[in-house]
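Undergrad: Residue numbers (my numbering): 85 to 278.
C-beta atoms are modelled at their ideal positions from N, C-alpha and C, and glycine is treated no differently.
From a predicted model like this one, the values you see are computed outputs, not experimental measurements.
This is the structure, below, for whatever I ask next.
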Ligand code: SF4
Ligand code: SF4
């Protein structure tokens, strides 16, 4: 008899919790900023939100999609080297002279023929943003990047055309060849003078 009573009591408790949440779920949940101390304490109200019409606030320090301000990038490759999953692919071309300055005054001497980040591989560790000397690679608050094709998650930040890249490669090679020829001529002159 005791077991029957315990069974009914347990079933009643379980169902009362279920019905309490069922009726409570019709109330709209107040959307609080993530910084609010009650953010994780709201147990009642709507169990989900009408995404994408409604969106929960996200923490300011959240780690989401990466972005690169290419004007400030010195193409040092540090971000690619530190990346634990090798999802940053950079191809640098040496310039024949300084090509400008970043907003923090660092001189730029390399072109980025390629600067791709495969966000499908990225594990959002943030290491690349920490090592960047000019702080031009940052994590944004953009998290909704649904795509139909995985390859669309490879973001291409370089806007160099293949023609422009080829021209810059040619210019650098020519400069190197001229330097080499001048060096050789100087050596020959020195040897001839001895
Ligand atoms: S956040 Fe981490 S995994 Fe993603 S690109 Fe940067 S270093 Fe690589
Ligand atoms: S670490 Fe920064 S400056 Fe260097 S290549 Fe990466 S984004 Fe550019």
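Tell whether a beta-carbon distance below 8 Å holds between residue 244 and residue 196.
TA: Working through the chain shown from its first residue, we reach residue 244 at position 160. Working through the chain shown from its first residue, we reach residue 196 at position 112. For residue 244 and residue 196, yes; Cβs fall inside 8 Å.
Undergrad: Quick one, are the C-beta atoms of residue 183 and residue 159 less than 8 Å apart?
TA: For this step, residue 183 is matched to residue 99 along the chain shown. For this step, residue 159 is matched to residue 75 along the chain shown. Taking 8 Å as the Cβ cut-off, residue 183 and residue 159 do not qualify as a contacting pair.
Undergrad: Would residue 171 and residue 205 qualify as a contact pair, given that the criterion is a beta-carbon distance under 8 Å?
TA: Reading the chain shown from its first residue, position 87 is the one you call residue 171. Reading the chain shown from its first residue, position 121 is the one you call residue 205. Closer than 8 Å, so yes.
Undergrad: Is residue 236 helix, strand or coil when you go by DSSP?
TA: Position 152 of the chain shown, counting from 1, holds the residue named residue 236. Helix at residue 236.
Undergrad: Have a look at 226, 187, 200, 217 and flag the residue whose alpha-carbon is nearest the alpha-carbon of residue 155.
TA: Taking the first residue of the chain shown as 1, we reach residue 155 at position 71. For the residues 226, 187, 200, 217, the minimum Cα distance to residue 155 belongs to 187.
Undergrad: Please confirm whether residue 161 and residue 222 have their CB atoms less than 8 Å apart.
TA: Locating residue 161 in the chain shown gives position 77, where the first residue counts as 1. Locating residue 222 in the chain shown gives position 138, where the first residue counts as 1. No.
Undergrad: Does the distance between the C-beta of residue 177 and the nearest non-hydrogen atom of ligand 2 fall short of 7 Å?
TA: By 1-based counting over the chain shown, the position of residue 177 is 93. Checking every heavy atom of ligand 2 against the Cβ of residue 177, none is found closer than 7 Å.
Undergrad: From 193, 233, 189, pick the residue whose C-alpha is nearest to that of residue 218; which is it?
TA: The residue labelled residue 218 in the question sits at position 134 within the chain shown. Looking at 193, 233, 189, the one whose alpha-carbon comes closest to that of residue 218 is 189.
Undergrad: Tell me the rounded alpha-carbon separation between residue 169 and residue 239.
TA: Working through the chain shown from its first residue, we reach residue 169 at position 85. Working through the chain shown from its first residue, we reach residue 239 at position 155. Distance between the alpha carbons of residue 169 and residue 239: 16 Å.
Undergrad: Measure how close the beta-carbons of residue 215 and residue 166 come, nearest whole angstrom, since I'm counting them as under 8 Å.
TA: The residue you call residue 215 lines up with position 131 of the chain shown. The residue you call residue 166 lines up with position 82 of the chain shown. 5 Å between Cβ atoms; contact.
Undergrad: Per DSSP, what kind of secondary structure is residue 185 in: helix, strand or coil?
TA: In the chain shown, counting from the first residue as 1, residue 185 sits at position 101. Here residue 185 sits in strand by DSSP.
Undergrad: How far does the beta strand (DSSP E) with residue 174 in it extend, from its first residue to its last?
TA: Within the chain shown, residue 174 is the residue found at index 90, counting from 1. Its beta strand (DSSP E) spans residues 172 to 178.
Undergrad: Would you give the residue range spanned by the alpha helix (DSSP H) that residue 222 belongs to?
TA: The residue you call residue 222 lines up with position 138 of the chain shown. Note, residue 222: premise wrong, no alpha helix (DSSP H); beta strand (DSSP E) at 221 to 223.
Undergrad: Within 10 angstroms of the Cβ of residue 220, are there 16 or more other Cβ atoms? Answer buried if so, exposed if not.
TA: Working through the chain shown from its first residue, we reach residue 220 at position 136. Looking at its Cβ environment, which holds 16 or more other Cβ atoms inside 10 Å, residue 220 is buried.
Undergrad: Could you name the residues of the same chain whose beta carbon sits closer than 8 Å to that of residue 285, not counting the 5 residues immediately before and after it, in chain order?
TA: The first residue shown for the chain is 85 and the last is 278, placing residue 285 beyond what the model contains.
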